[in-house]
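Everything in the sequence shown is counted per full-length UniProt numbering, starting at 1 for the first residue and increasing by one.
C-beta: ideal position from N, C-alpha, C; glycine also.
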Amino acid sequence: MTDASAIDHAKMMQHVDSHPYPILFATISGAHLYGFPSPDSDFDLRGVHMLPLETVVGLDEGDQTVEKEGIYDGLEIDLVTHDAEKFFRLMLKRNGYVLEQVFSPLVVYSTPEHEELKSIAKNCITRHHAHHYLGFAATQWKLFAKESPPRVKPLLYVYRVLLTDIHLMRTGEVEANLITLNESAKLSYIDELVDRKRCGPEKGTLEAADLDFHTREYERLTAQLEAAYESSKLPEMPSARRELNDLLVRVRQNG
1 MTDASAIDHA KMMQHVDSHP YPILFATISG AHLYGFPSPD SDFDLRGVHM LPLETVVGLD
61 EGDQTVEKEG IYDGLEIDLV THDAEKFFRL MLKRNGYVLE QVFSPLVVYS TPEHEELKSI
121 AKNCITRHHA HHYLGFAATQ WKLFAKESPP RVKPLLYVYR VLLTDIHLMR TGEVEANLIT
181 LNESAKLSYI DELVDRKRCG PEKGTLEAAD LDFHTREYER LTAQLEAAYE SSKLPEMPSA
241 RRELNDLLVR VRQNG
């Protein structure tokens, strides 16, 4: 994972400051959060914006999602934010992405409401988030397996996603960094794959990928995740709806 102290906050904040709406939080996601950015990887900023009260109570729908791209002194930044209502509703579904964004330790911009949201988000975690991660892993595996030569990036995404959810099912903790996850998983091949990604281009390939080996590993870890899901003690349903509703009302009134 990129060290928080190594983030160029000044360049990041230029992008955040140009957002058309007030921001509740903005954190770094993508390869920098996952622990395997390439030298040419862009920065994926994700977060929540707050539409003004007059917009949400009027006839205008407002921008539920805002996407902004920019280059600042050679730093490519991709910012995507959702309005608070949309984001909070996603938190109540089986959506691992939004939880990873809330809990990302790579914080570019935060507010007291963000800190409150992190506390509330713990009550959004359920055992059924496994379906989200299993689906994403399957998509990335298909992408990896169909390409010739296969690319490093989708393979790393497969392992990152599976290990993230195995950890989530067992501990209830959202951990998106593959290097950290592998400290307990101890998969001998992860470090070499990460080094390839970190030292090469964003679309770097594996010239001699052992597809049979990685197929077996994908199937083994998928089975491990399914077993973790079956035995997980996590709740069946989120219990944070009232807290999210109260927070949404407050940010609307104070916006």
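query	result
Length of the line joining the Cα atoms of residue 7 and residue 69	17 Å
Simplified DSSP state of residue 28, which is helix, strand or coil	strand
Inside the stretch 147-189 only - beta strand (DSSP E) runs reaching at least 3 residues	none
Per DSSP, cross-strand counterpart(s) of residue 66	81
Boundaries of the beta strand (DSSP E) in which residue 17 is found, first to last residue	Careful: residue 17 lies outside any beta strand (DSSP E), inside the alpha helix (DSSP H) at 9-17.
Start-end ranges of the alpha helix (DSSP H) lying completely within the stretch 109-151, minimum 4 residues	112-121 and 129-146
Continuous beta strand (DSSP E) stretch holding residue 47: start and end	43-49
Whole-angstrom distance between residue 252 and residue 24, CA atom to CA atom	11 Å
Proximity of residue 137 and residue 161 at Cβ, strictly below 8 Å	yes
Limits of the unbroken alpha helix (DSSP H) element including residue 205	Residue 205 -> no alpha helix (DSSP H), and no H or E assigned at all.
CA nearest to the CA of residue 14, picked from 232, 93 and 72	72
Cα-Cα separation, residue 149 to residue 181	27 Å
For residue 185 and residue 163, the rounded distance between their alpha carbons	8 Å
Member of 86, 34, 101 and 143 whose CA lies at the smallest distance from the CA of residue 51	86
Alpha carbon of residue 237 to alpha carbon of residue 37, nearest angstrom	34 Å
Residue nearest to residue 47 in terms of C-alpha spacing, selected from 62, 106 and 224	106
contact_flag[the stretch 221-239, the stretch 163-175] where n(CB pairs < 8 Å) is 3 or more	yes
Proximity of residue 81 and residue 152 at Cβ, strictly below 8 Å	no
Other residues of its chain near residue 114: CB distance less than 7 Å, five sequence neighbours each side excluded	24 and 25
Enclosing alpha helix (DSSP H) for residue 240 [first to last residue]	Run containing residue 240: none; DSSP gives neither H nor E here.
Length of the line joining the Cα atoms of residue 218 and residue 243	38 Å
Anticipated Cβ contact below 8 Å, residue 194 with residue 30, distance rounded	About 15 Å; that fails the 8 Å criterion.
Helix, strand or coil at residue 1 according to DSSP, with G and I counted as helix	Below a pLDDT of 50, predicted positions are generally treated as unreliable, and residue 1, at 49, falls in that range; no measurement from the model is reported.
Segment limits, alpha helix (DSSP H) that includes residue 58	Run containing residue 58: none; DSSP gives neither H nor E here.
Which of helix, strand or coil DSSP assigns to residue 34	helix
Per-residue DSSP class, three states only, for residue 218	helix
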